[in-house]
């Protein structure tokens, strides 16, 4: 898997995922489980939704 999630995007995804999970616990809803998705995409730095659009927020290699 090629990296397509950059630094700021990664942090936003992880924080949003944690917030969604906490809201799921607060409202006692299974929808909080959806928060796992942004956490995983932020952790692995790869988002399958970016692939069809050829989108990437990763910085280019500096060589």
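In our numbering, the protein residues as written are 8 to 70.
Each residue gets a CB set at the ideal place from its N, CA and C atoms; glycine is no exception.
Fair warning: this is a prediction, and the values are worked out from it, not measured in the lab.
For the alpha helix (DSSP H) holding residue i, just list the boundary residues, first then last.
i	result
residue 26	14-33
residue 45	43-51
Considering only residues of the same chain and omitting the five flanking positions on each side of residue i, which have a CB-CB separation below 6 Å?
i	result
residue 57	11
residue 46	21 and 24
With distances taken Cα to Cα, identify the nearest neighbour of residue i among the options.
i	options	result
residue 41	15, 35, 31 and 49	31
residue 28	39, 54 and 67	39
residue 18	44, 50, 34 and 35	50
8 Å is my cut-off, CB to CB: does residue i come that close to chain C?
i	result
residue 16	The chain labelled as chain C is not found in the depicted structure, where only one protein chain is given.
Spatial neighbours of residue i within its chain, please: CB distance less than 8 Å, with the 5 preceding and 5 following residues excluded, ordered by chain position.
i	result
residue 33	none
Less than 7 Å between C-beta atoms, sequence neighbours within five positions excluded: which residues of the same chain meet that for residue i?
i	result
residue 48	12, 20 and 54
#### Entry: Cβ pair count under 8 Å reaching 3, the stretch 10-19 against the stretch 60-69
Touching, per the Cβ criterion.
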